[in-house]
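Data first, discussion second: the structure below is written as C-alpha cells.
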Amino acid sequence: MDGLRKRLIIDYNSLTKKLNNSIKKYDTFNSEIIIEPEDIRTEMDGLRIGLATLAFSYLDGPNGFSSLDEETLIEEYLPENDEERD
19 MDGLRKRLII
29 DYNSLTKKLN
39 NSIKKYDTFN
49 SEIIIEPEDI
59 RTEMDGLRIG
69 LATLAFSYLD
79 GPNGFSSLDE
89 ETLIEEYLPE
99 NDEERD
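If you read the sequence shown in this note's numbering, its first letter stands for residue 19, the second for the next number, and so on.
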C-alpha cells in the first residue's frame with residue numbers, strides 16, 4: 019500500500035506542476051490553462067490505475083472496508099477520441 023500511496027502522490031504532483039506551468043494569465047480576472055492533451059496522459063493513466071487499485075481493494079473484518087459494486091466506473095482519459103468529448 020505504501021508504494022501505491024507514493025505513486026499517487028508522484029502522479030498528482032507531476033500533473034499539478036504541468037497544469038500550473040501551463041496557466042496563461044491575461045489580467046487579474048482572466049486566465050486559462052493551455053496544454054496539449056497528450057502531455058498529461060502519463061499522469062492521468064497513473065492516477066486512474068492507482069485510484070482503481072485503491073477503490074477496488076477491500077479488507078474483511080470490523081476495521082476493514084467493503085468492496086465496491088460492479089457498476090463503479092473510473093473514466094479513462096482519452097484525448098485522441100474527439101467523439102467522446104461534448
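Just so you know, even glycine gets a beta-carbon here, dropped at the ideal spot from N, CA and C.
Note that the structure is a prediction, hence the values are computed from the model and not measured.
Count the other CB atoms within 10 Å of the CB of residue 5; is the residue buried (16 or more) or exposed (fewer)? Given that the chain is displayed from residue 19 to residue 104, the structure contains no residue 5 and the question cannot be resolved.
Going by the DSSP bridge assignment, what does residue 41 pair with across the sheet? For the purposes of this step, residue 41 is identified with residue 23 of the sequence shown, where counting begins at 1. According to DSSP, residue 41 bridges with 51.
Buried versus exposed, by CB contacts within 10 Å (16 or more), residue 29: Counting from 1 along the sequence shown, the entry for residue 29 is found at position 11. It counts as buried.
Are any of the Cβ atoms in chain D nearer than 9 Å to that of residue 92? In the structure shown, chain D cannot be found, because there is only a single protein chain.
Are the region 28-43 and the region 59-68 in contact at 8 Å, needing three or more beta carbon pairs? yes
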